[in-house]
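Going by the UniProt record's numbering, 707 is the number at position 707 of the first sequence; the sequence numbering is gapless.
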Amino acid sequence: MSRGPELIITEKDNAARRIADILSGESATTERQNDVNVYKWGGKRCIGLSGHVVGVDFPAEYNDWRDVEPVELIDAPVTKEPTQEGIVAALRKLARNASRVVIATDYDREGELIGKEAYELVREVNEDAPIDRVRFSSITDNEVNEAFANPDELDFDLAAAGEARQVIDLTWGAALTRFLSLSARQLGDDFISVGRVQGPTLKLIVDREREIQAFDPEAYWELYGNLTKSGGDPFEARYFYLNDDGNEAERVWDGDVAEVLTEALAAAGEAVVDDVRRRTRTDEPPTPFNTTAFIRAAGSLGYSAQRAMSLAEDLYTAGYVTYPRTDNTVYPEDLDPRELIEELSAASTFGKDAKSLLDADREIEPTEGDEETTDHPPIHPTGELPSASDLSEDEWEVYELIVRRFLATCAEPATWERLRVVALANGEATAIAERADGLAALRNPDEASGPGDLVADGGLRLKANGKRLLEAGYHDVYPYRSSDERIVPDVAVGETLALTDRRTDAKETQPPRRYGQSRLIEEMEKRGVGTKATRHRTLEKLYDRNYIESDPPRPTRLAEAVVEAAEEFAQHVVSEEMTAQLERDMQAIAAGEKGYDEVTEASRELLDRVFDDLTESREAVGDHLQKSLKADKTLGPCPECGEDLLVRKSRQGSYFVGCDGYPDCEHTLPLPSTGKPLILDETCEDHDLRHVKMLAGRKTFVHGCPQCKADEADEQEDEVIGACPECGEEHGGELAIKRLRSGSRLVGCTRYPDCDYSLPLPRRGEIEVTDESCEEHDLPHLRVHSGDEPWELGCPICNYREFTARQEGSELQTVEGIGEKTAEKLQDAGVDGVDDLKSVDPDDLAADVDGVGADTVRDWQAKAD
DNA sequence: GCAAGGTC
């Protein structure tokens, strides 16, 4: 047995560093081995993996999609190959002469599998060193020391459960993906994918769209009025009646009845208070952040799921917050909330709020959610405080959200006082309203009791609900939840209130709303589909595959066709039941009740049966998919030949409109060069072509009908405004305002294409050439009429200069850690762009810019490379 | 080039 060092293996570098710090008492040093950090102290080495460093795949002879029948993948062998060569090589080198190995990967099923992967890599080069497993749920002194003092063994059953998942996901995903792609002849970048997680997620979206399509709106009416206590402010009250079940209802479903009620309400000038109910309600503080709750909260601040996770990841790697991928909603035992709050109270922004929690002389007992897991703590600040210049604005906003969420979980509940007032609109209203009762009864001849009770003895029922915040509690530290009050004054039963501003709103029932990104992630979590680390990526994948577009996501025809095909032939892969079944099987494997072979074999048999039906219908499935693919690209009939006009992508990657009859018909139309086209439902009346919107993040705009845009450009004459600065003197070229067929406008030389001098113009608004002119460039000032107020563009050359200056500012913001304000400061200091930033002396720049240190500049320079 | 799951 070798007497070499002891090797500790963790799931990620970050964990390796912290564990090394804890076990070494901060004395560990760092070495690089194959570009991987190795922490070293005494007789010990610690290395972090990067999640899975080996992956499952089919042998190379299965690589060609056209050569291999998809069905063959079902029983094809599955191999495990290193996917992170550097880490695997470093691990082998360290393992070779290790005297003992300790696996310290995350404490969950996937961590056990990653541990087993490490185990096998170690065993390849070292047959006899003992290999232990330690488990801890948060990287703190206590937990880590305790875990290392009580090492355990690797749980091979649990790891096998994970391996079964890998193989089942691969065979189903690869076989079905290849089948669909081949049947529709979609090879290359635009293949058609399905899988255990994509499938049900896509079906969720498609099903909701089906509900929306099938929705039949129904008309209803609602009546309102304002009530006023003498000398007080008016408050809104709403008409209600009692339906057949005796429950309160506000919507009136019959137009004639609504009309009579409106008349009755109009006839009443006052209302008498009939009932006053007051109660206090406790509003519990929120529970700790797990990944899903965090994504949702960040979503309400305007961040996409993807963006929120990437910001949290940045904050985690910088050491300001804990690990952002967690299901846990219960803080671990050894988190001392008071201590953490004390650390946070040193911060300038939320420090006062943190302190306010300490001032109250009380036990701090954080809230707990329903889910308690062993892998990581809920997301919370670490207590290491960034200064504002360490973070970009987005990072800061998300950091503050995480801090305030933590503070909120340690804060007191809020208390609301609820006040409900019911008043009866009296007088002749009753007489009129009784007519409505009669009317409604006529309409419901089958029901002995009529439609319910539209009018009370004393008149029409009006109700108002007020709420007042008695104790703000956690709202003081967590401003992201509404604490708006609705004031209804104190009134007494029998009191008469003035009734004014009566109105009746005609409304329609609305179809269900599309799921937004965070809602989809919540629904996935509820159904057990995907994991905390993958759900947001699955959505991203659906966008990439052209299954969904826009936000909230809306399914394409292709997505509908894929779901339809799967529903018919492979129901399993679009149902959440596949995951549920797999989860049961994995638990059985982990418990030793079932074997890996048994479970994977049963899954292969099921997939075999799916392919029995599927293979027969290959052509029909392919046809349907191809038709849908085309429908997603179709704008309408070609004005030249009547075939379909399609949105296409040129070899250079830009989009244009071309005829499906090509090469017989060569009709084309340009599209704007910025963004990705989205075809809208709206159709051009003149050309019967659907309108196009260009998706380009914040610069998204509606292009409209591409034929109209081209026609407008053809009709408009160029307006000359001066001499061309490039070729005016030599060749007499002139600058003119031009409208391009793609819809954009520019100031360009009349000698184009011999001279390609050009300046950009805004996309929107009419452009007016004013009498004022620029002395420097001898060009007229331009004015743009868009919206309510015209705005001055000025000299087009000066304008372009300012524009590029701003561009350089925003270019600086592409460097991680530079926000809008920092970019401005840097520009003031003479840094004009990223290239400039890279060449500047860090110390000089730090001296020029407030709040920026030389190290920060070096950090930016490294990131800019 | 396919999946889903880790991590960056």
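Ideal Cβ placement from N, Cα and C applies to all residues, glycine included.
Reference residue i, options the options, closest by Cα
{"i": "residue 117", "options": "99, 357, 490, 158", "result": "158"}
{"i": "residue 747", "options": "736, 392, 403", "result": "736"}
{"i": "residue 77", "options": "675, 600, 768, 615", "result": "600"}
{"i": "residue 201", "options": "517, 377, 590", "result": "517"}
{"i": "residue 552", "options": "558, 661, 539, 336", "result": "539"}
{"i": "residue 194", "options": "544, 425, 778", "result": "544"}
{"i": "residue 154", "options": "111, 532, 183, 169", "result": "111"}
{"i": "residue 531", "options": "349, 569, 325", "result": "325"}
{"i": "residue 667", "options": "126, 396, 639", "result": "639"}
{"i": "residue 122", "options": "137, 162, 21, 6", "result": "6"}
{"i": "residue 20", "options": "690, 632, 40", "result": "40"}
{"i": "residue 86", "options": "34, 458, 43, 242", "result": "34"}
Cβ pair residue i, residue j closer than 8 Å
{"i": "residue 90", "j": "residue 36", "result": "yes"}
{"i": "residue 867", "j": "residue 493", "result": "Nothing in the structure corresponds to residue 867, since the chain is present only between 1 and 865."}
{"i": "residue 391", "j": "residue 488", "result": "no"}
{"i": "residue 257", "j": "residue 496", "result": "no"}
{"i": "residue 477", "j": "residue 353", "result": "yes"}
{"i": "residue 629", "j": "residue 636", "result": "no"}
{"i": "residue 289", "j": "residue 364", "result": "no"}
{"i": "residue 280", "j": "residue 374", "result": "no"}
{"i": "residue 659", "j": "residue 686", "result": "no"}
{"i": "residue 134", "j": "residue 108", "result": "no"}
{"i": "residue 335", "j": "residue 377", "result": "yes"}
{"i": "residue 460", "j": "residue 265", "result": "yes"}
{"i": "residue 499", "j": "residue 263", "result": "no"}
{"i": "residue 537", "j": "residue 74", "result": "no"}
Per DSSP, the bridge partner or partners of residue i
{"i": "residue 33", "result": "36"}
{"i": "residue 704", "result": "692"}
{"i": "residue 888", "result": "For the chain, the structure presents residues 1 to 865; residue 888 sits outside this window and is missing."}
{"i": "residue 240", "result": "461"}
{"i": "residue 220", "result": "507"}
{"i": "residue 9", "result": "47, 103"}
{"i": "residue 874", "result": "Given a span of 1 to 865 for the chain in the structure shown, any question on residue 874 remains unanswerable."}
{"i": "residue 321", "result": "381"}
{"i": "residue 636", "result": "645"}
{"i": "residue 678", "result": "693"}
{"i": "residue 656", "result": "648, 670"}
{"i": "residue 769", "result": "782"}
{"i": "residue 467", "result": "418, 486"}
{"i": "residue 234", "result": "DSSP output for residue 234 lists no bridge partner at all."}
{"i": "residue 738", "result": "746"}
Simplified DSSP state of residue i, which is helix, strand or coil
{"i": "residue 631", "result": "helix"}
{"i": "residue 191", "result": "coil"}
{"i": "residue 273", "result": "strand"}
{"i": "residue 226", "result": "strand"}
{"i": "residue 604", "result": "helix"}
{"i": "residue 19", "result": "helix"}
{"i": "residue 383", "result": "coil"}
{"i": "residue 449", "result": "Residue placement at residue 449 is flagged as unreliable, the pLDDT there being 43, under the threshold of 50; the coordinate-derived value follows with that caveat. Looking at residue 449 - three-state DSSP - the assignment turns out to be coil, as it is neither helix nor strand."}
{"i": "residue 724", "result": "coil"}
{"i": "residue 70", "result": "helix"}
{"i": "residue 798", "result": "helix"}
{"i": "residue 302", "result": "coil"}
{"i": "residue 485", "result": "coil"}
{"i": "residue 248", "result": "strand"}
{"i": "residue 288", "result": "coil"}
{"i": "residue 341", "result": "helix"}
{"i": "residue 200", "result": "helix"}
{"i": "residue 1", "result": "A caution first: residue 1 carries a pLDDT of 49, below 50, which makes its placement in the model too unreliable to give a value."}
{"i": "residue 409", "result": "helix"}
{"i": "residue 265", "result": "helix"}
Counting pairs of beta carbons, one from the segment 204-219 and one from the segment 97-111, are three or more of them closer than 8 Å? no
Please determine if the segment 500-518 and the segment 224-237 are in contact, where contact requires at least 3 C-beta pairs separated by less than 8 Å. yes
Whether or not the segment 64-79 and the segment 13-32 are in contact is what I'm after, with contact meaning three or more pairs of Cβ atoms, one per stretch, closer than 8 Å; do they touch? no
Check whether the segment 8-18 and the segment 42-50 touch, using three or more Cβ-Cβ pairs below 8 Å as the test. yes
For the pair the segment 793-805 and the segment 756-763, tell me if three or more CB-CB distances fall below 8 Å. yes
Three Cβ pairs or more, each shorter than 8 Å: is that satisfied between the segment 400-410 and the segment 249-263? no
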